[in-house]
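To convert, count from 1 in the sequence shown and add 66; that's the numbering used here.
Notes to accompany the following structure.
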Amino acid sequence: MAQRMLALDLDGTTLNHLGELSPRVRDAVRGLPDDVAVVIATGRSIIATMPVLEALGLEEGYAVCSNGALTLQLNAAAPEGYSIIDKVTFDPRAVLEKMRVELPEALIAVEEPGVGFKVSKHFPDGELMGHSREVAWEELIAHPVTRVTLRQPESTAEEFMELVERAGLHGVSYAVGWSAWLDINPEGVSKASALELVRRQLRVEPIHTIACGDQRNDLEMLHWAAWGVAMGNAPAEVKAIADEVAGHVDEDGLAPVLEAVAQAVRDGVPFRDGVESAATARLEL
67 MAQRMLALDL
77 DGTTLNHLGE
87 LSPRVRDAVR
97 GLPDDVAVVI
107 ATGRSIIATM
117 PVLEALGLEE
127 GYAVCSNGAL
137 TLQLNAAAPE
147 GYSIIDKVTF
157 DPRAVLEKMR
167 VELPEALIAV
177 EEPGVGFKVS
187 KHFPDGELMG
197 HSREVAWEEL
207 IAHPVTRVTL
217 RQPESTAEEF
227 MELVERAGLH
237 GVSYAVGWSA
247 WLDINPEGVS
257 KASALELVRR
267 QLRVEPIHTI
277 ACGDQRNDLE
287 MLHWAAWGVA
297 MGNAPAEVKA
307 IADEVAGHVD
317 EDGLAPVLEA
327 VAQAVRDGVP
337 FRDGVESAAT
347 ARLEL
């Protein structure tokens, strides 16, 4: 049984800005001792997450998708490689009608777990994985959903964030990404809420948790973990709440953290203490 739990964001943390998994990071994940439960916690859909889990060699255990709205139990023997053990939905009608007024040019996608997305208009190529189909407005808002995504490709992230904050979203959880991208989830749902469910399933003590992330949708997760690690490419507000700031994702910044975790376990020292001492040693160098 796992004695420690390591939560990893994907894009901008485990995967570089080209969406690639470097050999060093891949090997560092695969080299972690068996009693470290690695739990991917991502804003990605299930379809976009499963190939990365395969590349990391994660066929058993748990994964969190859609910013916490979907929690998976991985099972290599299952037809799709997983089963959904927790799914949280909300009625998107009120928030989408509001955003339709405040952001009339925004593209809208409504997630269909394990399938793809229903969209208002075509998204830029490569941004949504799985099957996307354009539907009428009434179909977008007709049923409870796990997540809604808004995208405004012609805006900067700063301009988009200002528009979103001016709109004043209430009764939902939301996070603006590094581009002009907005994910909206059920109220109270985050990576942290799903990870706490997983932690209890694994029976790992709270003190034996580490989380690594780089964006605003990782803030709750970094607060939740006993040791929160922000990537060097993270915005200032994410770095400010972290216990440690790692290197840049495009320079394999996650790898030294994972290697320190593995060494701490081998040395038999407390989980977070091993990472903290490694971070201090790097600073002294």
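Heads up, the beta-carbon is just placed ideally off N, CA and C, and yes, glycines get one too.
Spell out the partners DSSP gives residue i in its beta bridges.
i: residue 247; result: 217
i: residue 275; result: 71
i: residue 156; result: 211
i: residue 254; result: In the DSSP output, where bridge partners are listed per residue, residue 254 has none listed.
i: residue 182; result: 178 and 197
So, with DSSP's three-state summary, where would you put residue i?
i: residue 87; result: coil
i: residue 117; result: helix
i: residue 76; result: coil
i: residue 168; result: helix
i: residue 208; result: coil
i: residue 348; result: Summary for residue 348: the model assigns pLDDT 47, below 50, so the residue's position carries little reliability, and this model does not support an answer.
i: residue 238; result: strand
i: residue 82; result: coil
i: residue 282; result: helix
i: residue 110; result: coil
i: residue 162; result: helix
i: residue 122; result: helix
Span of the beta strand (DSSP E) holding residue i?
i: residue 202; result: Counting along the chain, residue 202 falls outside any beta strand (DSSP E), and DSSP gives it neither H nor E.
i: residue 173; result: 173-178
i: residue 139; result: 136-140
i: residue 11; result: Given a span of 67 to 351 for the chain in the structure shown, any question on residue 11 remains unanswerable.
List the endpoints of the continuous alpha helix (DSSP H) containing residue i.
i: residue 152; result: From DSSP, residue 152 is part of no alpha helix (DSSP H) but of the beta strand (DSSP E) over 148-153.
i: residue 189; result: No alpha helix (DSSP H) contains residue 189, which DSSP labels as neither H nor E.
i: residue 106; result: From DSSP, residue 106 is part of no alpha helix (DSSP H) but of the beta strand (DSSP E) over 102-107.
i: residue 295; result: Residue 295 -> not in any alpha helix (DSSP H); beta strand (DSSP E) instead, spanning 293-296.
i: residue 143; result: Note, residue 143: premise wrong, no alpha helix (DSSP H); not H, not E.
i: residue 333; result: 320-333
i: residue 263; result: 257-268
i: residue 232; result: 223-233
i: residue 289; result: 285-290
i: residue 315; result: Here residue 315 belongs to no alpha helix (DSSP H), and DSSP marks it neither H nor E.
i: residue 304; result: 302-307
Would you say residue i lies against chain B (beta-carbon separation less than 7 Å)?
i: residue 154; result: In summary, chain B is missing from the structure at hand, where a single protein chain is found.
Are at least three pairs of beta-carbons, each pair with one atom in the segment 87-95 and one in the segment 311-320, less than 8 Å apart? yes
Contact the segment 281-301 vs the segment 186-199: 3+ CB pairs below 8 Å: no
Quick check: the segment 157-175 against the segment 294-310, are there 3 or more CB pairs under 8 Å? no
Spell out a yes or no on whether the segment 163-177 and the segment 208-225 are touching, meaning 3 or more CB-CB pairs, one atom from each, closer than 8 Å. yes
Determine contact between the segment 223-234 and the segment 256-271, defined as no fewer than three beta-carbon pairs at a distance below 8 Å. no
Does the segment 137-157 come close enough to the segment 190-202 that 3 or more CB-CB pairs lie under 8 Å? no
Under 8 Å: do the segment 162-172 and the segment 253-263 share three or more Cβ pairs, one atom per stretch? no
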